[in-house]
Amino acid sequence: ADHLAPEAVFERRWAFAVLERTMAVLRREYSASERREQFDELQGFLPGGQGNVSRAELAAKRGVSAGAIDVAIHRLRQRFGALLREQVAQTVSSEAEVEEEIRYLISVIGS
Numbered sequence: 002a003d004h005l006a007p008e009a010v011f012e013r014r015w016a017f018a019v020l021e022r023t024m025a026v027l028r029r030e031y032s033a034s035e036r037r038e039q040f041d042e043l044q045g046f047l048p049g050g051q052g053n054v055s056r057a058e059l060a061a062k063r064g065v066s067a068g069a070i071d072v073a074i075h076r077l078r079q080r081f082g083a084l085l086r087e088q089v090a091q092t093v094s095s096e097a098e099v100e101e102e103i104r105y106l107i108s109v110i111g112s
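Going by this note's numbering, the first residue of the sequence shown is number 2, and it counts up by one from there.
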């Protein structure tokens, strides 16, 4: 990252900060509903996650079907997306800018 221009470094830090805040809110929600362990197991399947276990391995560990794991991952991703939209909406002046800003955030992280 040290080869990036200062503005690009700032943008990347901002993007990662937004993702970290989103993840923190999601973690708190899962903890509040006594599903923290589930969150810890599934967070690797979120964007930027580094899951080191497969869906099948996780299903076997939890004693559920792979389909149940897929549903849990889908729900987690949906909630993450909704929370990310909320976080981004706080940084822009209109609802119309939210999608554009999310696309920009993703492009910054991918660069």
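C-beta: ideal position from N, C-alpha, C; glycine also.
* Can you tell me the Cβ-Cβ gap for Q88 and R22, rounded? I've got them flagged as a contact below 8 Å. => Residue mapping note: residue 88 aligns to position 87 of the sequence shown, counting from 1. Residue mapping note: residue 22 aligns to position 21 of the sequence shown, counting from 1. Indeed they touch by this definition, with Cβ atoms about 6 Å apart.
* Asked: Of the choices S108, K62 and A18, whose alpha-carbon is the least far from that of Q39?
  -> The sequence position of residue 39 within the sequence shown is 38, counting from 1. Per the Cα distances, K62.
* To do: Would you mind stating whether L59 and L43 have Cβ atoms separated by less than 9 Å?
  => Counting from 1 along the sequence shown, the entry for residue 59 is found at position 58. Counting from 1 along the sequence shown, the entry for residue 43 is found at position 42. Against a cut-off of 9 Å, the Cβ pair of L43 and L59 comes out as a contact.
* At least three beta-carbon pairs within less than 8 Å, the region 66-82 to the region 44-55 -> yes
* Endpoints, alpha helix (DSSP H) assigned at T23 -> Stepping through the sequence shown from its first residue, residue 23 is reached at position 22. P7 to A33 is the span of the alpha helix (DSSP H), which, as asked, contains T23.
* According to the Cβ coordinates, are V11 and I110 closer than 9 Å? -> Residue mapping note: residue 11 aligns to position 10 of the sequence shown, counting from 1. Residue mapping note: residue 110 aligns to position 109 of the sequence shown, counting from 1. According to the sequence displayed, residue 11 carries Phe and not Val. No. Outside cutoff.
* Would L5 be called buried (16 or more neighbouring beta carbons within 10 Å of its own) or exposed? -> Residue mapping note: residue 5 aligns to position 4 of the sequence shown, counting from 1. Answer is exposed; the Cβ neighbour count stays below 16.
* Asked: Could you give the residue range of the alpha helix (DSSP H) that holds F81?
  -> Start at 1 with the first residue of the sequence shown, and residue 81 comes out as number 80. Start and end: A67 to A90.
* Asked: Per DSSP, what kind of secondary structure is L47 in: helix, strand or coil?
  -> Position 46 of the sequence shown, counted from the first residue, corresponds to residue 47. L47 falls in the coil class under three-state DSSP.
* What three-state label does DSSP hand A2 in the structure shown? -> For the purposes of this step, residue 2 is taken as the residue at position 1 of the sequence shown. The pLDDT assigned to A2 is 49, lower than 50, so where the model puts this residue is not dependable; a value taken from the coordinates is nonetheless given after this. Reduced to three states, the DSSP call for A2 is coil.
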